[in-house]
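*Asks:*
In the working numbering, the protein residues as written are 1135 to 1421.
1. Are the beta-carbon atoms belonging to residue 1263 and residue 1188 less than 8 Å from one another?
2. Which same chain residues, not among the five before or five after residue 1421, have their C-beta less than 6 Å away from its C-beta?
3. In whole angstroms, what is the alpha-carbon distance linking residue 1185 and residue 1404?
4. So, are the CB atoms of residue 1297 and residue 1341 less than 8 Å apart?
5. Residue range of the beta strand (DSSP E) that residue 1400 falls in?
6. Going straight from the alpha carbon of residue 1166 to that of residue 1307, what length do you get?
7. Between which two residues does the alpha helix (DSSP H) holding residue 1137 run?
8. Looking only at its own chain, which residues have a Cβ that is under 8 Å from the Cβ of residue 1237, when we skip the five neighbours before and after it?
9. I believe residue 1150 touches residue 1226 by the beta-carbon criterion, under 8 Å. Please report the beta-carbon distance rounded to the nearest angstrom.
10. Quick one: grab the DSSP three-state call for residue 1299.
11. When you compare each of 1281, 1201, 1328 to residue 1240 by their alpha carbons, which one comes out closest?
12. If contacts are defined as beta-carbon pairs under 8 Å, then residue 1249 and residue 1191 qualify, I think. What distance do you get, rounded to the angstrom?
13. How far does the alpha helix (DSSP H) with residue 1353 in it extend, from its first residue to its last?
14. Closer than 7 Å by C-beta to residue 1335: which residues in its own chain qualify, once you throw out the five before and the five after it? Chain order, please.
15. With distances taken Cα to Cα, identify the nearest neighbour of residue 1398 among 1321, 1314, 1283, 1318.
16. Quick check: what's the CA-CA separation for residue 1274 versus residue 1252?
17. Out of 1358, 1385, 1353, point me to the one whose CA is closest to residue 1408's CA.
18. Considering Cα atoms alone, identify which of 1376, 1384, 1350 is closest to residue 1176.
19. Could you pull the start and end residues of the alpha helix (DSSP H) that residue 1315 belongs to?
20. Under 8 Å, do residue 1338 and residue 1278 count as touching if we go by C-beta distance?
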């Protein structure tokens, strides 16, 4: 029954995706749908049940929060800094209820919020989940303090994030793609983000008052055939295209150079490829 509901939920989310215009929001939801298979092990590692109060920080379109509710019956407050994502999450919830995937007594609230302010009750939550947020945070110590304050004593925090040095491919990416990716890395750094934050998470949490319970590496290694890469290539090109104005305005690339590089990437023939990707997962608790 649970797996059937989750499959229907992803169908609803995919249907909503098809209504979105090209841009950051569409790319985000497409990316989130691809992550679904990894969530089961995250959920199973947490002390969740019907009496658990959960905070999901950086929820995006809310699919992880909804899955937690379906699997465990927990009560969830999910927040994201982007109002469009929060509005989309509410729409997905409404459509899921209309189709009978979710019952009316499901306990999920969505709100626009920022980890750097985190407008939530002090000591309210049993579990806090933060996925791929710290790579965008300019002041990790302040963010850690806010998360500590949101948890009850003994409450559990799970943080997951990227580290670019855990990603590798063979053959190596083209020069055009490498130049675009380097510019994107620099853009994120200019905004205070950190694409190598994965290796730093446990230190940030420990010095902020958390007790570290475990540090794990979620890895995926696969051989990608050329045909599946065609759809993936379109997704990547669309995702990079949404960043053009930001890259040009920041002085990292000229407009004509961006267009030339992106066109080159779009025209590359799909090829077989080895790929390995890793994300760091830290579980800790408030003493």
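For every residue, glycine included, the Cβ atom is placed at its ideal position computed from N, Cα and C.
*Replies:* The relevant details are as follows:
1. yes
2. Once the five neighbours on either side are set aside, the close Cβ partners of residue 1421 are 1345.
3. 49 Å
4. no
5. Element bounds for residue 1400: not the beta strand (DSSP E) but the alpha helix (DSSP H), 1389-1401.
6. Our two residues, residue 1166 and residue 1307, have alpha carbons roughly 23 Å apart in a direct line.
7. 1136-1153
8. Annotation for residue 1237: 1231 place their beta carbon closer than 8 Å to its own, counting only its chain and skipping 5 residues before and after.
9. 6 Å
10. helix
11. 1201
12. 5 Å
13. Unbroken run through residue 1353 is the beta strand (DSSP E), 1345-1358; no alpha helix (DSSP H).
14. 1268, 1293, 1295, 1414, 1416
15. 1314
16. 13 Å
17. 1358
18. 1350
19. 1309-1324
20. yes
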